[in-house]
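So the structure is just underneath, and the comments pick up after that.
Residue numbers (the numbering used here): 49 to 183.
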């Protein structure tokens, strides 16, 4: 597969996983009687060239802000050299510390989207805990 085609396919898969993660987060908010007040999608990507072929790994954080303010996220990852699995789509929902996302803008309708390096997204989820499942 050509380099540009690989990158396009990886980005398309990432956007599909973003929508799936958004549905999971909406469901979580509904189950816990929280009102969603915004969305942010932060993309980080890595392109590795191996023997003339590009291998693309794209990941990102799908973040939801709820009244409170409380912040939740799901990390999603797509690798062009692997098939998607249910495991990659079922990452834990993480509860984020408000000070780690204070610099981001959350859109009520649609997405606010930014690009980052992996180090920045890792810093956001640093010390994040899985969101509680109980009521």
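Note that beta-carbon positions come from the ideal geometry of N, C-alpha and C, so glycine has one too. Everything numeric in this text was worked out from a predicted model, so none of it was measured.
Here the segment 68 to 85 does not lie against the segment 142 to 151, with fewer than 3 beta-carbon pairs under 8 angstroms apart. Within the segment 68 to 125, no complete alpha helix (DSSP H) segment of 4 residues or longer occurs. If you draw a straight line from the Cα of residue 151 to the Cα of residue 161, it is about 13 angstroms long. Taking 3 residues as the shortest admissible run, the segment 137 to 173 contains the following complete beta strand (DSSP E) segments, listed from N- to C-terminal end: 142 to 144 and 160 to 163. Residue nearest to residue 127 within the set 119, 107 and 112 is 107 (criterion: CA-CA distance).
Comparing alpha carbon positions, the residue from 112, 173, 120 and 93 closest to residue 179 is 120.
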